[in-house]
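S.K.: Please see the structure below; I have some questions.
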Amino acid sequence: GLPLAVTLSLAYSVKKMMLDNNLVRHLAACETMGNATTICSNKTGTLTTNRMTVVACYVGGQHYKSIPDYDSLPPQVANLALQAISINSAYTSCILVKLMFLKIE
């Protein structure tokens, strides 16, 4: 049945990944990695803590050596960043936008 087919396909995926010198310790990792479009790794080629930090970026034709303020981004780039963050299911993130409060007398 279906459980057997899923198990066999995952086992096949593990074997194929091992032939490519990918270390697979958990069978379910193959299913997760099948959806990956980008993989970031350190200089040794391994992910050691499952957390990567952006230290510099190139956004909208401009190079930033630190995380830019949301307000300093061009509107098209800011909109694209909001869309990318909203569909990212791998990490919880937030954008801090300066709010203006008006005192009404």
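For the sequence shown, my numbering gives the first residue as 3, with consecutive numbering after it.
Built from N, CA and C at the ideal position, the CB exists for glycine as well.
How far does the alpha helix (DSSP H) with Y72 in it reach, from first residue to last?
M.R.: Segment: none, Y72 is in no alpha helix (DSSP H) and carries neither H nor E.
S.K.: Starting from the C-beta of L75, find all residues in its chain whose C-beta is less than 8 Å away, skip the five residues before and the five after it, and write them out in chain order.
M.R.: V61, G62, A83
S.K.: Over what stretch of residues does the beta strand (DSSP E) that includes V57 continue unbroken?
M.R.: It is not in any beta strand (DSSP E) - V57 carries neither H nor E in the DSSP assignment.
S.K.: Cutting at 8 Å between CB atoms, please list the residues of its own chain near Q78, excluding the five before and the five after it.
M.R.: Same-chain partners within the cutoff: G62.
S.K.: Over what stretch of residues does the beta strand (DSSP E) that includes H65 continue unbroken?
M.R.: In the DSSP annotation of this structure, the continuous segment of the beta strand (DSSP E) that includes H65 starts and ends at 64-66.
S.K.: Quick one: what's got a C-beta closer than 8 Å to Y66's C-beta in the same chain, skipping five residues either side?
M.R.: For Y66, where only same-chain residues beyond five positions count, the Cβ hits under 8 Å are A58, C59, Y60.
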